[in-house]
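Here's the structure we're looking at; comments come further down.
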Amino acid sequence: MKSLLPGAERPVVQFEHVGMRYGLGPEVLSDVSFRIAPHSFQFLTGPSGAGKTTLLRLILLSVRPTRGTVAIFGEEVSGISSEKLTLLRRRMGVVFQDFRLLDHLTTYENVALPLRVQGRSESGYRGEVVELLRWVGLGERMHALPPLLSGGEKQRAAIARALIARPDLLLADEPTGNVDPALGRRLLRLFLELNKLGTSVIIATHDFGIMDAVNARRMVLNAGRLRIEE
Amino acid sequence: MSIAAKARARAAAAFPTDPTLPANLRRNAPLVPTDTAAGRSLAAVIAILTFLAGLCAGAAEMVATNAAQWQSSVAQEVTIQVRPGPGRDVDADVAKAEAIAKQEPGVARTRIFSKSESERLLEPWLGSGLDLSDLPVPRLIALRMSGDRVDLGSLRTKLVAALPGVASLDDHALWLQRLSTAASAFVGAGIGLVVLVLVATGLAVTFATRGAMAGNKEVVDVLHFVGAGDDYIARAFQARFFGLGLRGGGIGAACAILAFVIAGLVTGSASSGPAGQEIEALFGAFHIGWRGFFSIALIGGIASLVTGAVSRLTVRRYLG
Ligand SMILES: Nc1ncnc2c1ncn2[C@@H]1O[C@H](COP(=O)(O)OP(=O)(O)OP(=O)(O)O)[C@@H](O)[C@H]1O
Ligand SMILES: [Mg+2]
Chain A
0 MKSLLPGAER PVVQFEHVGM RYGLGPEVLS DVSFRIAPHS FQFLTGPSGA
50 GKTTLLRLIL LSVRPTRGTV AIFGEEVSGI SSEKLTLLRR RMGVVFQDFR
100 LLDHLTTYEN VALPLRVQGR SESGYRGEVV ELLRWVGLGE RMHALPPLLS
150 GGEKQRAAIA RALIARPDLL LADEPTGNVD PALGRRLLRL FLELNKLGTS
200 VIIATHDFGI MDAVNARRMV LNAGRLRIEE
Chain B
0 MSIAAKARAR AAAAFPTDPT LPANLRRNAP LVPTDTAAGR SLAAVIAILT
50 FLAGLCAGAA EMVATNAAQW QSSVAQEVTI QVRPGPGRDV DADVAKAEAI
100 AKQEPGVART RIFSKSESER LLEPWLGSGL DLSDLPVPRL IALRMSGDRV
150 DLGSLRTKLV AALPGVASLD DHALWLQRLS TAASAFVGAG IGLVVLVLVA
200 TGLAVTFATR GAMAGNKEVV DVLHFVGAGD DYIARAFQAR FFGLGLRGGG
250 IGAACAILAF VIAGLVTGSA SSGPAGQEIE ALFGAFHIGW RGFFSIALIG
300 GIASLVTGAV SRLTVRRYLG
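Just so you know, the sequences run in chain order A and B. Position 150, counted from 1, in the first sequence is what numbering that gives the first Met the number 0 calls 149; the numbers after and before it change by one each time, with no gaps. Position 39, counted from 1, in the second sequence is what numbering that gives the first Met the number 0 calls 38; the numbers after and before it change by one each time, with no gaps.
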């Protein structure tokens, strides 16, 4: 289907009646349908265990739905090839709730990773990486290995890694959970800035402090059901 | 403009720009952790296997070289046997045979074994206290040929014509053929062992790679999430295992070469004594030459290449 309006682009993410369970366990998500528009900004919230992380993992294609269909960047993901999957993932940035930094690489190397795996040369991206590290307040911690970083420092390194390649879609799972409110607001500003440059942003959070600071769509998960507050 | 630059422009100059990077910043560490206990044991296994393969190759090389030397020196020796017959004068027959041999082109020297010398040659078989004067002991004439490949056909014909049923020519052809067969069998077995050891290296690397994949599952996941393709990840593992293979193969090959050098020195210094001469007579010179050292080094290199290729294949199959 072709749209005649240039503004009405394909949704970045589209879920249709998605159900998801882990193994033989209970259904974590049931009948979830929504769209994420290009350039949009939204929060994903709900009580602990509601399935926020699971929903983000479905978008990231690290788990597959048990029912319904998921389309990412207009691409239906069932039976997608591993080459296509790699290309889709290069358009996404992820901040994991548990950071997932590589412990044997320095903060600098961790943040540079998305650029490095695209085959870009180190001298070509060095300036960018250092600049972003300084912006998130890790300018002095570039050499440090992740096990030596504080929780908040790890979180900022994880955020920097998700932003560095300027993805089309940013998924952030509790990105302000380990930092003080002032730093939290500054990180939020970084997400907003990225959004202004055209990235669709989904932030999973319990933090009403940052949710109230932005007038954005809220997707509320509760007992596996999704409700959207515009 | 990068997003950070734009954001910072808005956030005023609270963060001073300092484009200089710390000089000692580590920038491109291997994506797969290298210096682990598992990695070191794999390098040790590869080193041991390469060492064994190097010993096999060196021994095969040594046998091949020595066999060639024996063959060329033996091929230059030809013997005429003169059998005593009833009613014949052996000494006259021997002199006649020698005269025929001397006229033949290609014969450099002749030497007649006297009756007592011929009898002494039989001593190891018959014992020393025996009186052999009544026995028809054949007499020998040793001929040294001037070249390797002299046509002995005409000499043989002439001898048979002049002394029918009495003189015969022995060019050791049968013995040489046996020696050559034994040497080729030994060299073939050596090559077979080298191939077996390389296969064993490949299998060891397969298991080690599977272990490393399982142990680095988190790394593999993260690399996938930041947009690395399977091939990129396979290359990262290959690089790591190639490094380990290079280390193991290098150490193993160096040890094998060292072993041959030391063995050469030891037998060299002992060959002045009678034991050394015995050893040298049995095994030839304990020396494998440049070709031998080169094949051992080559085996080390092949072991590293096998390691890299096998790990890459294993990763591709694991991911795919
Ligand atoms: N790998 C897994 N295997 C089995 N069950 C899982 C797995 N991951 C999550 N769950 C279950 O799925 C449900 C939703 O988990 P999820 O992590 O998505 O919640 P969440 O909304 O992110 O919670 P939180 O706010 O605490 O991070 C939980 O009941 C959890 O126990
Ligand atoms: Mg969660």
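Backbone N, C-alpha and C fix where the C-beta goes; we use that ideal spot for every residue, glycine too. A quick note: this is a predicted structure, and the numbers were derived from the prediction, not measured.
* Pick out the complete beta strand (DSSP E) segments inside the region 15–46 of chain A, 3 residues or longer, and give them in chain order. => The qualifying runs are 26–35 and 40–44.
* Asked: Cβ of Gly24 (chain A) versus every heavy atom of ligand 1: is any distance shorter than 7 Å?
  -> By one-based count along the first sequence, residue 24 (chain A) stands at place 25. At a threshold of 7 Å, Gly24 (chain A) counts as near ligand 1, since its beta carbon sits closer than that to one of the ligand's heavy atoms.
* Would you say Leu4 (chain A) reaches chain B, if we count a Cβ-Cβ gap shorter than 8 Å as a contact? -> Stepping through the first sequence from its first residue, residue 4 (chain A) is reached at position 5. Any reading at Leu4 (chain A) must be qualified, since the residue scores a pLDDT of 49, below 50, and its modelled position is unreliable; the value itself is stated next. Output row for Leu4 (chain A): interface = no.
* ligand 2 heavy atom lying under 7 Å from the CB of Gln117 (chain A) -> Residue 117 (chain A) sits at position 118 when you count from the first residue of the first sequence. It does not: the Cβ of Gln117 (chain A) is nowhere closer than 7 Å to a heavy atom of ligand 2.
* According to the neighbour-count rule (16 or more other Cβ atoms, all chains shown, within 10 Å of its Cβ), is Phe230 (chain A) buried or exposed? -> Missing from the structure shown is residue 230 (chain A); chain A here goes from 0 to 229 and no further.
* Asked: So which of A:Ser77, A:Ala111, A:Phe40 and A:Pro10 has the shortest CA-CA distance to Glu228 (chain A)?
  -> Taking the first residue of the first sequence as 1, we reach residue 228 (chain A) at position 229. Selected option, being the one with the closest Cα: A:Phe40.
* Asked: Hey, does Leu147 (chain A) have any beta-carbon neighbour from chain B nearer than 8 Å?
  -> Stepping through the first sequence from its first residue, residue 147 (chain A) is reached at position 148. It does not; no Cβ of chain B falls within 8 Å.
* **DSSP state of Ala253 (chain B) mapped onto helix, strand, coil** => Start at 1 with the first residue of the second sequence, and residue 253 (chain B) comes out as number 254. Helix at Ala253 (chain B).
* **Nearest to Phe72 (chain A) (by Cα), restricted to the options A:Gly48, A:Pro25 and A:Val11** => Along the first sequence, one-based indexing puts residue 72 (chain A) at 73. Closest option to Phe72 (chain A), Cα to Cα, is A:Val11.
* Asked: Mind listing which residues of the region 79–107 of chain A have their C-beta closer than 7 Å to chain B's C-betas, in chain order?
  -> Listed in sequence order: Ser81, Glu82, Thr85, Arg88, Arg89, Val93, Arg99, Leu101, His103, Leu104, Thr105 and Tyr107.
* Asked: Can you find a C-beta in chain A that's less than 8 Å from the C-beta of Arg316 (chain B)?
  -> Here residue 316 (chain B) is taken as the residue at index 317 of the second sequence, counted from 1. Taking a beta-carbon distance threshold of 8 Å, Arg316 (chain B) does not count as an interface residue toward chain A.
* **Close-in-space but distant-in-sequence residues of the same chain around Pro85 (chain B) (CB under 8 Å, 5 per side omitted)** => As a first step, residue 85 (chain B) is located in the second sequence; it is residue number 86 there, counting from the start. Hits under 8 Å: none found.
* Asked: Hey, would you say Leu220 (chain A) sits closer than 8 Å to Lys51 (chain A), going by beta carbons?
  -> Taking the first sequence and counting its residues from 1, the one referred to as residue 220 (chain A) is at position 221. Taking the first sequence and counting its residues from 1, the one referred to as residue 51 (chain A) is at position 52. For Leu220 (chain A) and Lys51 (chain A), yes; Cβs fall inside 8 Å.
* **Members of the region 26–41 of chain B that neighbour chain A once the beta carbon cut-off is set at 9 Å** => The region 26–41 of chain B vs chain A, Cβ under 9 Å: Arg26, Asn27, Ala28, Pro29, Leu30, Val31, Pro32 and Thr33.
* For the putative contact between Ile287 (chain B) and Met61 (chain B), defined by C-beta atoms under 8 Å, what is the C-beta separation to the nearest angstrom? -> On the second sequence, residue 287 (chain B) is found 288 positions in, with the first residue counted as 1. On the second sequence, residue 61 (chain B) is found 62 positions in, with the first residue counted as 1. Confirmed, Cβ separation roughly 5 Å.
* Proximal chain B residues relative to Gln117 (chain A), where beta-carbon distance stays under 7 Å -> The residue labelled residue 117 (chain A) in the question sits at position 118 within the first sequence. Neighbours of Gln117 (chain A) in chain B, taken as residues whose beta carbon is under 7 Å from its own, are Gly226 in chain order.
* Closer than 7 Å: Val27 (chain A) CB and nearest ligand 1 heavy atom -> Mapped onto the first sequence, residue 27 (chain A) falls at position 28. Judged by the Cβ position, Val27 (chain A) qualifies as a neighbour of ligand 1 at the 7 Å threshold, a heavy atom of the ligand being closer than this.
* Contact set, ligand 2 heavy atom to C-beta under 7 Å -> This criterion selects A:Lys51, A:Thr52, A:Gln96, A:Asp172, A:Glu173 and A:Ala203.
* Asked: Which chain B residues sit within Cβ distance under 7 Å of Leu55 (chain A)?
  -> Taking the first residue of the first sequence as 1, we reach residue 55 (chain A) at position 56. Within chain B, no C-beta atom comes nearer than 7 Å to that of Leu55 (chain A); the closest sits roughly 11 Å away.
* To do: May I ask you to check if the CB of Tyr21 (chain A) is nearer than 7 Å to at least one heavy atom of ligand 1?
  => Your numbering for residue 21 (chain A) matches position 22 in the first sequence. Flag set: Cβ of Tyr21 (chain A) near ligand 1.
* Between Ser61 (chain A) and ligand 1, is the CB less than 7 Å from at least one heavy atom? -> As a working note, residue 61 (chain A) is residue 62 in the first sequence. When distances are taken from the beta-carbon of Ser61 (chain A) to the heavy atoms of ligand 1, even the shortest one reaches 7 Å or more.
* Reducing DSSP to helix, strand and coil, say where Ala74 (chain B) ends up. => Translated into positions along the second sequence, residue 74 (chain B) becomes position 75. In this structure, Ala74 (chain B) counts as helix in the three-state DSSP scheme.
* **Residues sharing a beta bridge with Asp169 (chain B), DSSP** => On the second sequence, position 170 is the one that residue 169 (chain B) refers to. In the DSSP assignment, Asp169 (chain B) is bridged to B:Thr78.
* Asked: Is the CB of Val219 (chain B) under 8 Å away from at least one CB in chain A?
  -> Here residue 219 (chain B) is taken as the residue at index 220 of the second sequence, counted from 1. For Val219 (chain B), no Cβ of chain A is located within less than 8 Å of the residue's own Cβ.
* Are Ala303 (chain B) and Gly248 (chain B) touching if we call contact CB-CB under 8 Å? -> Walking along the second sequence from the start, residue 303 (chain B) turns up at place 304. Walking along the second sequence from the start, residue 248 (chain B) turns up at place 249. Going by the sequence as given, residue 303 (chain B) is Ser instead of Ala. Here Ser303 (chain B) is near Gly248 (chain B), since their CB atoms are less than 8 Å apart.
* Reference Gly300 (chain B); option with closest CA among B:Leu197, B:Val93 and B:Ile99 -> Taking the first residue of the second sequence as 1, we reach residue 300 (chain B) at position 301. The shortest Cα separation from Gly300 (chain B) among B:Leu197, B:Val93 and B:Ile99 belongs to B:Leu197.
* To do: With a threshold of 7 Å, establish whether the CB of Gly38 (chain B) neighbours any heavy atom of ligand 1.
  => Locating residue 38 (chain B) in the second sequence gives position 39, counting from the first residue. Exclusion of Gly38 (chain B) from the 7 Å shell around ligand 1 follows from its C-beta lying no nearer than that to any non-hydrogen atom of the ligand.
* **Chain-ordered neighbours of Leu222 (chain B) on chain A, where CB pairs are closer than 9 Å** => Position 223 of the second sequence, counted from the start, is the residue given in the question as residue 222 (chain B). Listed along chain A are Leu101, Leu112 and Val116, each with a C-beta nearer than 9 Å to that of Leu222 (chain B).
* Count the C-beta pairs between the region 211–231 of chain B and the region 81–93 of chain A that are closer than 8 Å, then say yes if the count reaches three, no if not. => Under the Cβ criterion (8 Å, minimum of three pairs), the region 211–231 of chain B counts as touching the region 81–93 of chain A.
* To do: Output the distance between the C-alpha atoms of Ala166 (chain B) and Leu154 (chain B), rounded to the nearest integer angstrom.
  => Position 167 of the second sequence, counted from the start, is the residue given in the question as residue 166 (chain B). Position 155 of the second sequence, counted from the start, is the residue given in the question as residue 154 (chain B). Inter-residue distance for Ala166 (chain B) and Leu154 (chain B) is about 11 Å (C-alpha atoms, whole angstroms).
* **Chain-order list of residues whose beta-carbon lies under 6 Å from that of Leu4 (chain A) (same chain, five-residue window excluded)** => Stepping through the first sequence from its first residue, residue 4 (chain A) is reached at position 5. For Leu4 (chain A), the predicted model reports a pLDDT of 49, less than 50, meaning its position is unreliable; a value from the coordinates is still stated below. Contacts found: none.
* Asked: Closer than 8 Å, CB to CB, is Glu228 (chain A) near chain B or not?
  -> Mapped onto the first sequence, residue 228 (chain A) falls at position 229. Not one chain B Cβ lies under 8 Å of Glu228 (chain A).
* To the nearest angstrom, how far is it from the Cα of Ala159 (chain A) to the Cα of Leu131 (chain A)? -> Counting from 1 along the first sequence, the entry for residue 159 (chain A) is found at position 160. Counting from 1 along the first sequence, the entry for residue 131 (chain A) is found at position 132. Ala159 (chain A) and Leu131 (chain A) have their C-alpha atoms some 7 Å from each other.
* Regarding Ser47 (chain A) and ligand 1, is the C-beta to nearest heavy atom distance less than 7 Å? -> As a first step, residue 47 (chain A) is located in the first sequence; it is residue number 48 there, counting from the start. Flag set: Cβ of Ser47 (chain A) near ligand 1.
* Buried or exposed: where does Ile134 (chain A) fall if 16 or more other Cβ atoms within 10 Å of its Cβ makes it buried? -> Sequence index remark: in the first sequence, residue 134 (chain A) carries index 135 (1-based). Here the sequence assigns Trp to residue 134 (chain A), which means Ile is not the residue at that position. Classification of Trp134 (chain A): buried, given that the 10 Å Cβ count is 16 or more.
* **Neighbour-count burial assignment, Lys153 (chain A), 16 or more Cβ in a 10 Å radius** => In the first sequence, counting from the first residue as 1, residue 153 (chain A) sits at position 154. It is buried - the Cβ of Lys153 (chain A) has at least 16 other Cβ atoms within 10 Å.
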